[in-house]
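Just so we're aligned: the sequence shown equals residues 2 to 373 in my numbering.
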Amino acid sequence: MLDKKVYNDQDILAYFTRPTRTVNHRLISEIRSQKKHKAVKAADNDALNEFLATWPDVDHETGLSVRGDELLIKAREAMIAAVHIFNSAGLTFRAELFVVTAIIAWTYLLHALYKRMGVDYFYKGRKTPQGQDRYWDLSQCLDTGKCPLPEGVKTNLRFLIGLRNEIEHQSTSRIDDAVGAELQACCVNFNDALKQHFGHQFGLEKRLPIALQFVSFGMDQRTALKKASSLPPHVSSFISAFEHGLTDEQVKDPTFRLKVAFIPIAAKKAAGADQAIVMVPPGSELADKVEVVFKEVNRTRYIRQEILEKVAEAGFPKFGPGAHTKLMNELDAKNPSRGYGCVGDYKAHWVWYDRWLEAVLEHCKVNPDKYQ
């Protein structure tokens with residue numbers, strides 16, 4: 002455009018300035034005087050005409066250039082697609098599809114970030130069969146010493162990569178319920194990284210509304226759902242092995258696993274009930290009340306005698322204290338990590354959750370002659 006001598010500096014600025022890239026008069030002057038970019042060959046007439054014919058190739062919502070910001074555009078679109086897939090009604094393998102698509106989104110996002118940082122994000126000495134550079138996969142993007150993501154985010158992504166490897170090479174049944182917290186953390190982490198490193202205007206909040214649900218699950222429905230969609234052994238083994246290598250702090254980190262609970266809010270006035278989701282500030286009076294509510298209703302607790310009574314009511318009267326103790330030892334049921342129960346309100350007093358009752362009933366059903 003400078004060589005043609007028909008465009009003034011203001012015209013050139015209009016063509017090249019956008020939110021992710023600024024060009025000023027000083028830079029144009031330095032290019033004109035060949036103080037900068039002297040080694041860069043000027044575009045020929047055909048290339049210039051093609052550029053002018055396709056301008057402006059920008060997304061009007063974000064200002065991203067289809068050419069210059071291709072990696073960032075692909076990253077956003079891939080994550081939007083991943084969330085739409087997971088929220089779509091009627092799909093059976095939603096979690097698997099989300100994991101694969103989200104990994105693509107994160108890979109593009111880190112490639113865009115490394116490109117901005119001036120980091121060569123391709124393998125040295127390794128080419129594709131067509132002779133092109135082989136770009137880093139997500140694992141390599143995380144393992145390089147220049148990755149700016151927090152450790153909790155990296156842990157979450159390594160979990161998804163391992164899960165992807167499991168579902169890629171073996172068939173799976175539904176795993177949505179087992180890994181939903183990790184998938185939710187992945188979404189939040191992606192949006193946070195997108196806004197932190199590229200700008201708040203690129204956040205996905207406006208594009209992805211809250212998913213609506215038709216039902217809420219009680220204990221009976223949840224128990225039936227778990228029985229109908231148990232985890233494949235290889236996926237369950239991977240999850241257990243991965244979590245075994247994490248500290249308690251890593252497991253509790255919301256950037257690795259984000260758990261959100263919703264409770265109905267009764268408003269004093271009808272107008273106050275319009276908002277579907279209310280953010281409760283930590284430490285506030287309402288937050289304390291919500292915490293108390295969850296402590297009260299989170300899990301039903303049983304003493305041993307109540308477990309025995311419910312098992313007898315289910316048709317297994319011969320399952321007594323001795324059988325209970327034996328099964329408890331076999332399953333290491335008092336290990337807190339097993340999730341069967343916890344220490345009660347008094348020292349040395351143990352209480353059991355519904356999960357333990359389910360395990361006992363399942364054991365009795367497998368051995369009906371012994372306990373009926």
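We put the CB at the ideal spot given by N, CA and C, even for glycine.
Spanning the alpha carbons of Gly321 and Pro149 requires a straight line of approximately 57 Å. DSSP places Asp370 in the uninterrupted alpha helix (DSSP H) bounded by Pro369 to Tyr372. The region 77-90 and the region 113-126 do not touch, with fewer than three beta-carbon pairs separated by less than 8 Å. Within 10 angstroms of the beta-carbon of Val180 lie 16 or more other beta-carbons, which makes it buried. Using a Cβ distance threshold of 8 Å, Leu184 and Phe87 count as a contacting pair. Annotation: Tyr122 is outside any beta strand (DSSP E) and is labelled neither H nor E by DSSP. A check of alpha carbon separations from Asp70 across Ser34, Arg95 and Leu110 identifies Leu110 as the nearest.
Here Lys37 has Glu31 as same chain residues with Cβ atoms under 6 Å from its own Cβ, once five neighbours each way along the sequence are excluded.
Looking at the DSSP output, Trp351 sits in a beta bridge with Val344.
Within the region 130-165, the complete beta strand (DSSP E) runs of at least 3 residues fall at 134-136. Setting aside the 5 residues that flank it on each side, Ile168 is surrounded in the same chain by Glu97, each with a C-beta closer than 6 Å to its C-beta; the list follows chain order. Counting along the chain, Pro322 sits inside the alpha helix (DSSP H) bounded by residues Pro322 to Glu331. Ranked by Cα distance from Val252, the options Thr145, Leu49 and Ala186 are led by Ala186.
From the listed residues Ala15, Val120 and Leu309, the smallest Cα separation to Met329 is found for Leu309. In the structure shown, Lys311 adopts helical secondary structure according to DSSP, grouped into three states. Ala83: member of the alpha helix (DSSP H) spanning Glu71 to Asn88, first to last residue. Residue pairing from DSSP places Tyr303 in a beta bridge opposite Trp353. Here Thr18 is exposed, its C-beta having fewer than 16 other C-beta atoms within 10 Å. In this structure, the straight-line span from the alpha carbon of His245 to that of Arg135 is close to 33 Å. When secondary structure is reduced to three states using DSSP, Lys196 falls in the helix class. Boundaries of the alpha helix (DSSP H) harbouring Val100: Arg95 to Met118, taken from the DSSP string.
When DSSP states are grouped into helix, strand and coil, Arg33 belongs to the helix group. Non-local beta-carbon contacts of Thr108 in its own chain, meaning distances under 6 Å to residues more than five positions away in sequence, involve Leu139 in chain order. By the neighbour-count criterion, in which 16 or more other beta carbons inside 10 Å mark a residue as buried, Val352 falls on the buried side.
For Lys253, the enclosing alpha helix (DSSP H) begins and ends at Asp249 to Lys253.
DSSP lists Asp134 as the bridge partner or partners of Lys128. In this structure, Thr301 keeps its C-beta atom at 8 Å or more from the C-beta atom of Asp254. Ranking Glu363, Gly132, Ile162 and Lys128 by CA distance to the CA of Cys142 puts Ile162 first. Burial is judged here by how many other beta carbons sit within 10 angstroms of a residue's own beta carbon; Trp56 has fewer than 16 and is exposed. Within a 10 Å sphere around the beta-carbon of Thr156 sit 16 or more other beta-carbons, which makes this residue buried. For Asp47, the three-state secondary structure derived from DSSP is helix. If you compare the alpha carbons of Thr326, Lys327 and Trp357 with that of Pro337, the shortest gap goes to Trp357.
Across the set Gly342, Gly340 and Glu314, the C-alpha of Glu314 shows the shortest separation from the C-alpha of Leu362. Separation of the CB atoms of Thr256 and Val154 is rounded to 5 Å, and the pair is thereby assigned contact status at 8 Å. One Cα belongs to Val367, the other to Arg159, and the distance between them is close to 38 Å.
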